[in-house]
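Reviewing the structure listed below.
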Amino acid sequence: MSRVRFNFYDHSPELPDHILETIFSYLSVLELRHCALVCKRWYRVLNDEDSDVWRTHCMKKLTEEVVKSELLIPLPSFKAKLRAFYHAWNPYDCSRNIYIKPNGFTLHRNPVAQSTDACRGKIGFQRGRHTWDIVWDGPLGTVAVIGISTKEAPLQCQGYVGLLGSDQHSWGWNLVDNQLLHNGETRGHYPLLNNCPRYQVCNFSYHGWKGWKVGERIRVILDCEKHSLAFERGYEFLGVAFKDLPHEIIFPAISAVYGNTEVSMVYSGVPMDG
1 MSRVRFNFYD
11 HSPELPDHIL
21 ETIFSYLSVL
31 ELRHCALVCK
41 RWYRVLNDED
51 SDVWRTHCMK
61 KLTEEVVKSE
71 LLIPLPSFKA
81 KLRAFYHAWN
91 PYDCSRNIYI
101 KPNGFTLHRN
111 PVAQSTDACR
121 GKIGFQRGRH
131 TWDIVWDGPL
141 GTVAVIGIST
151 KEAPLQCQGY
161 VGLLGSDQHS
171 WGWNLVDNQL
181 LHNGETRGHY
191 PLLNNCPRYQ
201 VCNFSYHGWK
211 GWKVGERIRV
221 ILDCEKHSLA
231 FERGYEFLGV
241 AFKDLPHEII
251 FPAISAVYGN
261 TEVSMVYSGV
271 PMDG
């Protein structure tokens, strides 16, 4: 009977890579994380973010249509798409007037009058640097806020207000009037650009600055080391919006008032500097 020889140098059986990938495909994501710490070879196999291991796990959570959708095109690998899914909107941490669509990345606000509704992401952050894209489809209504919150921030209230930023537990940027909101107060105009246009359906220019366009991506940049929040549009950094954030677990969040509006969130990981 043949035996699998054990290599004491890297502490792993000398199985071909494709056999290891097949075995890893049956393990949970948490178990894969532990496996990556066993030895250099296992780490190398799992470090290939487009391998059959990550493709298999990605297809277990997402349909092929979603994987190939325009929403996830910017993500470079199967592992990145899977990671984005685990960071997407939380169906158990949102207003009763919001539900998460089958793609897992897009929330839908039902047409309920005199209500402001919010939703948070599945995973919060207390360390490191993180980025995610927000895509707001459809009209904004009178108030449309993107930003962050802790678990203590409310998810629903009466009337049409800037719910995200209405207390000490949330920080938001109202795309309708370009105002920053925190602790129930307006914290200034943002971004600090001359003749900055508002987020709107049409797309036109003011002195070379192309207007906001519904459906385009706005990148949110959370730096837990510097305790700051910033935004980016396209390849243009819009500046730091909030400083002195608390050392607490902070979640991606939005609040909306317009009926049938849809907002997608795609986590992309550590920001690319430069």
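Reading the sequence shown from the start, the letters are residues 1 to 274 in the numbering used here. Ideal Cβ placement from N, Cα and C applies to all residues, glycine included.
### Query
Cα separation between Ser205 and Arg33?
As a working mapping, residue 205 is identified with position 205 in the sequence shown. As a working mapping, residue 33 is identified with position 33 in the sequence shown. Confidence is the limiting factor: at Ser205 the pLDDT is only 34, short of 50, which leaves the residue's position unreliable, though a coordinate-based value still follows. Spanning the alpha carbons of Ser205 and Arg33 requires a straight line of approximately 48 Å.
### Query
Are there 16 or more other CB atoms within 10 angstroms of the CB of Tyr190, so buried, or fewer, so exposed?
For this step, residue 190 is matched to residue 190 along the sequence shown. Tyr190 should be labelled buried.
#### Entry: Cut-off 6 Å between Cβ atoms - residues of its own chain near Asn110, not counting five sequence neighbours on either side
By 1-based counting over the sequence shown, the position of residue 110 is 110. Exclusion of the five residues before and after Asn110 leaves Asn97 as the residues of its chain whose Cβ lies within less than 6 Å of its Cβ.
#### Entry: Arg120: first and last residue of the uninterrupted beta strand (DSSP E) it sits in
Working through the sequence shown from its first residue, we reach residue 120 at position 120. For Arg120, the enclosing beta strand (DSSP E) begins and ends at Ser115 to Gly121.
### Query
Going by the beta-carbon positions, is the gap between Val263 and Tyr160 smaller than 8 Å?
Position 263 of the sequence shown, counted from the first residue, corresponds to residue 263. Position 160 of the sequence shown, counted from the first residue, corresponds to residue 160. Not in contact: Val263 and Tyr160 (Cβ atoms no closer than 8 Å).
### Message
Would Lys60 and His87 qualify as a contact pair, given that the criterion is a beta-carbon distance under 8 Å?
### Response
Here residue 60 is taken as the residue at index 60 of the sequence shown, counted from 1. Here residue 87 is taken as the residue at index 87 of the sequence shown, counted from 1. No, the Cβ-Cβ distance between Lys60 and His87 is not below 8 Å.
### Message
DSSP has Gly104 in a bridge; who is on the other side?
### Response
The residue given as residue 104 occupies position 104 in the sequence shown. Its beta-bridge partners do not exist; DSSP assigns none.
### Message
Please give the ranges of any beta strand (DSSP E) in the stretch 207-271, keeping only runs that are unbroken, at least 3 residues long and fully inside the region.
### Response
217-223, 228-233, 236-242, 251-256 and 262-269, all fully within the stretch 207-271.
### Query
Which residues share a DSSP beta bridge with Trp173?
Taking the first residue of the sequence shown as 1, we reach residue 173 at position 173. According to DSSP, which records beta bridges pairwise, Trp173 is partnered with Ile146 and Leu180.
### Task
May I have the straight-line CA-CA distance separating Lys151 from Cys94, to the nearest angstrom?
As a working mapping, residue 151 is identified with position 151 in the sequence shown. As a working mapping, residue 94 is identified with position 94 in the sequence shown. About 11 Å.
### Test item: CB-CB of Glu21 and Asp52 under 8 Å
In the sequence shown, the residue the question calls residue 21 occupies position 21. In the sequence shown, the residue the question calls residue 52 occupies position 52. In contact: Glu21 and Asp52 (Cβ atoms closer than 8 Å).
### Query
How about Ile218 and Asp133: are their beta carbons less than 8 Å apart?
Residue numbering aside, residue 218 sits at position 218 when the sequence shown is read from its first letter. Residue numbering aside, residue 133 sits at position 133 when the sequence shown is read from its first letter. Yes, the pair counts as a contact, with Cβ atoms nearer than the cut-off.
### Task
Identify, in the order they occur along the chain, each residue of the same chain with its Cβ nearer than 8 Å to the Cβ of Lys101, setting aside the five sequence neighbours on each side.
Taking the first residue of the sequence shown as 1, we reach residue 101 at position 101. If we look at Lys101 and ignore the five residues flanking it on each side, its Cβ neighbours are Leu107, His108 and Glu262.
### Coil, strand or helix - Thr131 by DSSP
Start at 1 with the first residue of the sequence shown, and residue 131 comes out as number 131. In the structure shown, Thr131 sits in a strand (DSSP, three-state: E or B).
### Query
Under a Cβ-count criterion, where at least 16 other Cβ atoms within 10 Å of its own Cβ denotes burial, should Ser115 be classed as buried or exposed?
Position 115 of the sequence shown, counted from the first residue, corresponds to residue 115. Label assigned to Ser115: buried.
### Query
With which residues is Phe125 paired in a DSSP beta bridge?
Translated into the one-based positions of the sequence shown, residue 125 becomes position 125. For Phe125, DSSP records a beta bridge to Ile250.
### Query
Quick one: what does DSSP say Arg3 is sitting in, helix, strand or coil?
Within the sequence shown, numbered from 1, the residue matching residue 3 stands at position 3. Below a pLDDT of 50, predicted positions are generally treated as unreliable, and Arg3, at 47, falls in that range; no measurement from the model is reported.
#### Entry: Residue nearest to Thr142 in terms of C-alpha spacing, selected from Gly184, His247, Leu175 and Val135
Taking the sequence shown and counting its residues from 1, one reaches residue 142 at position 142. Closest by alpha carbon: Leu175.
### Query
Tell me the DSSP bridge mates of Trp98?
Along the sequence shown, read from residue 1 onward, the residue named residue 98 stands at position 98. At residue 98 the sequence reads Ile, which differs from the Trp that was named. Arg109, per the DSSP bridge assignment.
### Query
If we ignore side chains and look at the alpha-carbon of each, how far apart do Asn178 and Ile23 end up?
Here residue 178 refers to the residue found at position 178 of the sequence shown. Here residue 23 refers to the residue found at position 23 of the sequence shown. Roughly 51 Å separates the two Cα atoms.
### Message
Going residue by residue through the stretch 6-53, where are the continuous beta strand (DSSP E) segments of at least 3 residues, counting only ones entirely within it?
### Response
As for any beta strand (DSSP E) of minimum length 3 sitting wholly inside the stretch 6-53, there is none.
### Query
DSSP puts Glu185 in a beta bridge; with which residues?
Here the question's residue 185 lines up with position 185 in the sequence shown. DSSP lists His182 as partners of Glu185.
### Task
Report buried or exposed for Lys79, applying the criterion of at least 16 other Cβ atoms within 10 angstroms of its Cβ.
Position 79 of the sequence shown, counted from the start, is the residue given in the question as residue 79. Looking at its Cβ environment, which holds 16 or more other Cβ atoms inside 10 Å, Lys79 is buried.
### Query
In whole angstroms, what is the alpha-carbon distance linking Gly259 and Gly128?
Position 259 of the sequence shown, counting from 1, holds the residue named residue 259. Position 128 of the sequence shown, counting from 1, holds the residue named residue 128. CA-CA distance, Gly259 to Gly128, rounds to 35 Å.
### Query
What did DSSP end up calling Tyr86 once you bin it into helix, strand or coil?
As a first step, residue 86 is located in the sequence shown; it is residue number 86 there, counting from the start. In the displayed model, Tyr86 falls within a helix according to three-state DSSP.
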